[in-house]
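Q: Residue 2 is where the sequence shown starts when you use my numbering, and the numbers rise one by one after that.
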Amino acid sequence: MTTMRAITMATTGGPEVLTLTDIERPNKVSAEFLVKVIAAGVNPIDAKTRAGGGVSGEITNYPAVIGQDFSGIVIESPYEAHPIKPGDEVYGMVTVPRVGGSYAEYVTVSSLSLTKKPRSISHVEAAAVPLAALTAWGMVVEVAKAHEGQRILIHAGAGGVGHFAVQFASYFGAYVIATGSERNLGWLRELGANEVIDYSASRFEENLADVDVVIDLIGNVADNTGTRSLTVIRPGGLLVNAPSGSWPTFIEEAAAAGVRATGYKVSPDGSTLSVISRLLTSGDIRVRVDEVFDLEHAADAHRAIEGGHTRGKIVLKVSDF
């Protein structure tokens, strides 16, 4: 087999630019795996890139394949004695646009960017984990260093990254405050939030003060959420912002408010994903898949994620197991 089905885009634009096409199957080199993709996660960065933002400026060849999360089956390992072998079920991330994306039947992946899939979850569930969970882990655990006695405010707590951030912060003992819509308030409490705020019913800054950390998954793209967050952080506290381009002046504004601030960019780290796998297997954290679309309906998946009301993650079913 030399070709594969993939969702490609010949140019940036609306969801309609995503087209099901037959393209050449990739070949692995050096310490890479060749993986048959069973399911692929859909993330906001995918939609931004497709629309002309995100990492679209680094796409050098069209038609391009996007998508970073995958879960699938190893076809070829880096070498014969590698502990992960052909036939093993794995999940991880690819570094789009340096390599072809996961909206395709096959991907080549660095040996550092995947790990074995937990047996306790399906391929569809596994595909929803890597980018969102690694982003949440990096923001909450590595940067904010979540611990007992710490007060952490998490915006968009019911989203892909947010629902992992709430669980990680709770797992490490922090007092978790999460913002979300009315329909998600009960679910956020189930995930471990100690306090929930319906953003449509009240202004969080009128109810909070002396927060140690804000995990900002919105920025200023909606109702100046980022700028308003600075008013609830204690002096010397920390704001961690993730969405690219969501608040270009956050570093300067935070400094003026006497608050520390940093952005965060996720790393496709298979070793950290292995730690997250153990938490998934033990049941200490769980993944929520909101909707599943067949590969040929990737455009509809992008319309859904751009709607901004996803609970958990959206996933593409790429191949049969």
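Note that CB positions come from ideal geometry on N, CA and C, so glycine has one too. For clarity, every value in this text was computed on a predicted model and none was experimentally measured.
By a C-beta neighbour count over all protein chains shown, 10 Å radius and 16 as the cutoff for buried, is His148 buried or exposed?
A: Classification of His148: exposed, given that the 10 Å Cβ count is below 16.
Q: Counting C-beta neighbours from all protein chains within 10 Å, is the total for Ala210 16 or more, i.e. buried, or is it exposed?
A: Ala210 should be labelled exposed.
Q: Using C-beta distances below 7 Å, list every residue in its chain close to Ala300, excluding the 5 sequence neighbours before and after it, in chain order.
A: Counting only Cβ-Cβ distances below 7 Å, and skipping sequence neighbours, we find Pro16, Glu17, Leu19.
Q: Out of His156, Ile306, Thr109, state which residue places its alpha-carbon closest to the alpha-carbon of Pro45.
A: For Pro45, the nearest C-alpha among the options comes from Ile306.
Q: Let me make sure I understand the geometry here. Which of Leu274, Thr12, Gly14, Leu21 has the alpha-carbon closest to that of Arg6?
A: That would be Leu21, whose Cα lies nearest to the Cα of Arg6.
Q: What is the DSSP secondary structure of Thr9, counted as helix, strand or coil?
A: Three-state DSSP puts Thr9 in a strand.
Q: From Ile234 to Ala262, what does the alpha carbon distance come to, in whole angstroms?
A: Whole-angstrom Cα-Cα distance: 11 Å.
Q: Please give me, in chain order, every unbroken run of the beta strand (DSSP E) with length at least 3 that falls completely inside the region 124-158.
A: Counting only runs of 3 or more, we get 152-155.
Q: With DSSP run on the structure shown, which of helix, strand or coil describes Val167?
A: It is helical.
Q: Are Gly1 and Asp213 close, meaning C-beta to C-beta below 7 Å?
A: Lying before the first or after the last residue shown, residue 1 is absent from the chain, which here runs from 2 to 322.
Q: Alpha carbon to alpha carbon, how far is Glu143 from Phe173?
A: Their backbone Cα atoms lie some 12 Å apart in a straight line.
Q: Per DSSP, Asn242 forms a beta bridge with which residues?
A: Answer by DSSP bridge pairing, in chain order: Asp217, Gly264.
Q: Assuming Glu106 and Lys37 form a contact by the criterion Cβ under 8 Å, report the distance between their Cβ atoms to the nearest whole angstrom.
A: Indeed, because the Cβ distance is near 7 Å, the residues count as touching under 8 Å.
Q: Taking DSSP's pairing of strands, which residues face Ser72 in a bridge?
A: According to DSSP, which records beta bridges pairwise, Ser72 is partnered with Ala40, Tyr92.
Q: If you draw a straight line from the C-alpha of Ser278 to the C-alpha of Arg287, how long is it?
A: Taking the straight line joining both Cα atoms gives about 10 Å.
Q: Nearest-angstrom Cα distance between Tyr176 and Asn195?
A: If you take the alpha carbons of Tyr176 and Asn195, they lie about 6 Å apart.
Q: Identify the residues that DSSP records as bridge partners of Phe34: which are they?
A: Val110.
Q: On the three-state DSSP scale, how would you describe Val336?
A: Residue 336 is absent from the structure shown; the chain starts at 2 and stops at 322.
Q: For Thr3, tell me which candidate among Met10, Asn28, Thr12 has the shortest Cα-Cα distance.
A: Answer by Cα proximity: Asn28.
Q: Could you name the residues that DSSP lists as bridge partners for Phe294?
A: Answer by DSSP bridge pairing, in chain order: Leu317.
Q: Taking 7 Å as the cut-off, decide whether the C-beta atoms of Phe165 and Ala133 are in contact.
A: Yes, they are a contact pair.
Q: Do the CB positions of Ala82 and Val319 come within less than 7 Å of each other?
A: No, these two residues do not count as a Cβ contact at 7 Å.
Q: Should Tyr92 be labelled buried (16 or more other beta-carbon atoms within 10 Å of its own) or exposed?
A: By the 10 Å Cβ count, Tyr92 comes out buried.
Q: I'd like the span of the alpha helix (DSSP H) that includes Ala179, first residue to last.
A: Looking at the DSSP string, Ala179 is not in any alpha helix (DSSP H); the run it does join, the beta strand (DSSP E), is 176-181.
Q: Please classify Thr50: does DSSP put it in a helix, a strand, or coil?
A: Reduced to three states, the DSSP call for Thr50 is helix.
Q: Nearest by alpha-carbon distance to Lys314: which of Phe34, Ile252, Tyr63, Phe71 is it?
A: Taking only the C-alpha atoms, the option nearest Lys314 is Phe71.
Q: Can you tell me the Cα-Cα spacing of Gly53 and Tyr200, whole angstroms?
A: Cα to Cα, the separation comes out at about 29 Å.
Q: Go to Val276, then tell me how far its alpha helix (DSSP H) extends in each direction, as first and last residue.
A: 271-283 is the span of the alpha helix (DSSP H), which, as asked, contains Val276.
Q: Do the CB positions of Ile24 and Asp47 come within less than 7 Å of each other?
A: No, Cβ-Cβ distance for Ile24 and Asp47 is not below 7 Å.
Q: Name, in chain order, the residues that DSSP records as bridge partners for Lys361.
A: What is shown of the chain runs 2 to 322, which leaves residue 361 out entirely.
Q: When the distance is taken between beta carbons, is Pro64 closer than 7 Å to Thr13?
A: In this structure, Pro64 does not lie closer than 7 Å to Thr13 by Cβ.
Q: My guess is that Leu281 and Pro84 are in contact by the Cβ rule of under 8 Å, so how many angstroms apart are they, rounded?
A: So it is not a contact: roughly 20 Å between Cβ atoms.
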